[in-house]
Amino acid sequence: MSSSPAVLDGSESVSPAPTLDDLRAEIDRIDDALLELLQRRMSVAARIGGVKASGPVNALKLRPDREAKVISRLLAKAEPDCRQLALGVWREIMAAGLARQGELEVVVWGGPDPAHVLDNARRRFGSSPLYSEVETSDEALAAAASRNAVAVLAIDPRTAWWTRLAAQHRDLWVFDAIDGPKGGKAPACLAVARIDPASLAGGRTFVISAGGDAGGGERSRRLLGLEEGWRLYEVDRAPDEVTAMDRYRGVIGRAPAFSLSVEAVVSAVQAGG
């Protein structure tokens with residue numbers, strides 16, 4: 002009996018199905034390639050830190066605009082089933098790259114739901130930073146103002162910490178609005194740090210108003226907080242007088258139109274945001 006492979010239509014042979022060992026060997030080769038690329042990326046990230054040293058002296062080496070562009074570009078290319086994985090992986094990779102440029106601390110004030118806010122902060126900034134929780138919003142803001150730290154603060158109607166950005170911490174800016182992994186109409190918490198305003202990403206602007214219109218019209222703004230007549234608004238696609246980084250007009254920061262939600266990233270990409 003012949004041992005030659007089976008023939009179809011007299012010309013094509015059927016390749017044997019790969020064995021479990023074959024598939025595992027292929028995964029090992031892919032893992033080796035991924036590791037090599039990760040190490041190369043970390044090396045480049047460390048070199049970028051030297052270039053960033055020429056920026057504003059008092060600002061952290063965070064570039065929210067660059068991070069938003071990276072996430073948007075990659076998730077637009079990713080297959081739908083891989084988008085959530087890709088988002089988490091690249092958040093972690095970028096956090097590790099930032100850590101190569103200098104130690105970063107994330108100080109969390111969780112308000113009425115500290116476990117949820119801490120979990121969202123870890124999802125956003127990865128495992129590389131040092132994390133600490135504080136009991137008051139003032140402690141979180143003080144850390145961001147005086148240390149190499151990002152403050153992540155809950156949006157709590159009972160604690161209007163955001164009013165102090167205009168009065169006491171004029172060098173701190175909101176640079177990210179952290180939503181949950183499943184998205185939602187309003188963010189659960191805001192990330193604040195000493196950020197170069199020129200590096201803030203677009204998409205939504207945060208404005209404090211003393212009872213007046215935030216400048217974006219009723220359709221494009223959402224009320225996030227209210228304290229003795231002062232209001233915190235999230236404004237979508239705000240006009241120039243609001244998007245200008247001007248504290249005298251009540252602007253306290255800008256953030257991408259997405260954070261942890263894949264659906265929000267895809268929607269922003271499709272809308273050109």
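For the sequence shown, position 68 matches number 69 in the numbering used here, and the numbering has no gaps at all. Ideal Cβ positions, reconstructed from N, Cα and C, are used throughout, including at glycine. Model, not experiment: these values are computed from the prediction.
Whole-number beta carbon distance between phenylalanine 176 and alanine 192, since they are thought to touch under 8 Å:
Residue numbering aside, residue 192 sits at position 191 when the sequence shown is read from its first letter. Residue numbering aside, residue 176 sits at position 175 when the sequence shown is read from its first letter. At roughly 6 Å, the Cβ-Cβ gap stays under 8 Å, so alanine 192 and phenylalanine 176 are in contact.
Answer with buried or exposed for glutamine 102, where buried requires no fewer than 16 other C-beta atoms within 10 angstroms of its C-beta.
Position 101 of the sequence shown holds residue 102. Under this definition glutamine 102 is a buried residue.
At what residues does the beta strand (DSSP E) containing arginine 92 begin and finish?
Here residue 92 refers to the residue found at position 91 of the sequence shown. Per DSSP, arginine 92 belongs to no beta strand (DSSP E); it is in the alpha helix (DSSP H), 84 to 101.
For alanine 47, which residues of its own chain have a beta-carbon under 6 Å away from its beta-carbon, when the five flanking residues on both sides are left out?
By one-based count along the sequence shown, residue 47 stands at place 46. Hits under 6 Å: Arg101.
With a Cβ-Cβ cutoff of 7 Å, do alanine 145 and leucine 173 count as a contact?
Locating residue 145 in the sequence shown gives position 144, where the first residue counts as 1. Locating residue 173 in the sequence shown gives position 172, where the first residue counts as 1. Yes.
So, helix, strand or coil for alanine 236, using DSSP?
Numbered from its first residue, the sequence shown carries residue 236 at position 235. In the sequence as displayed, the identity of residue 236 is valine instead of alanine. Valine 236: strand per DSSP, three-state reduction.
The region 246 to 264 / the region 194 to 209 touching (three or more Cβ pairs under 8 Å)
yes
Endpoints, the beta strand (DSSP E) within which isoleucine 253 is located
Reading the sequence shown from its first residue, position 252 is the one you call residue 253. 252 to 256 is the extent of the beta strand (DSSP E) around isoleucine 253.
Could you spell out the range, first to last residue, of the beta strand (DSSP E) harbouring threonine 206?
Within the sequence shown, numbered from 1, the residue matching residue 206 stands at position 205. Run containing threonine 206: 205 to 210, per the beta strand (DSSP E) assignment.
Whole angstroms is fine: what's the gap from valine 15's alpha carbon to phenylalanine 259's?
The count along the sequence shown starts at 1 and reaches residue 15 at position 14. The count along the sequence shown starts at 1 and reaches residue 259 at position 258. Taking the straight line from one Cα to the other gives about 48 Å.
Among Gln169, Leu119, Gly254 and Leu76, nearest to serine 147 - alpha-carbon criterion
Numbered from 1 along the sequence shown, position 146 holds the residue referred to as residue 147. Of Gln169, Leu119, Gly254 and Leu76, the residue nearest in Cα terms is Gln169.
Among Ala69, Ala18, Leu99 and Ser262, the one whose alpha carbon lies nearest that of glycine 127
Taking the sequence shown and counting its residues from 1, the one referred to as residue 127 is at position 126. Ranking Ala69, Ala18, Leu99 and Ser262 by Cα distance to glycine 127 puts Leu99 first.
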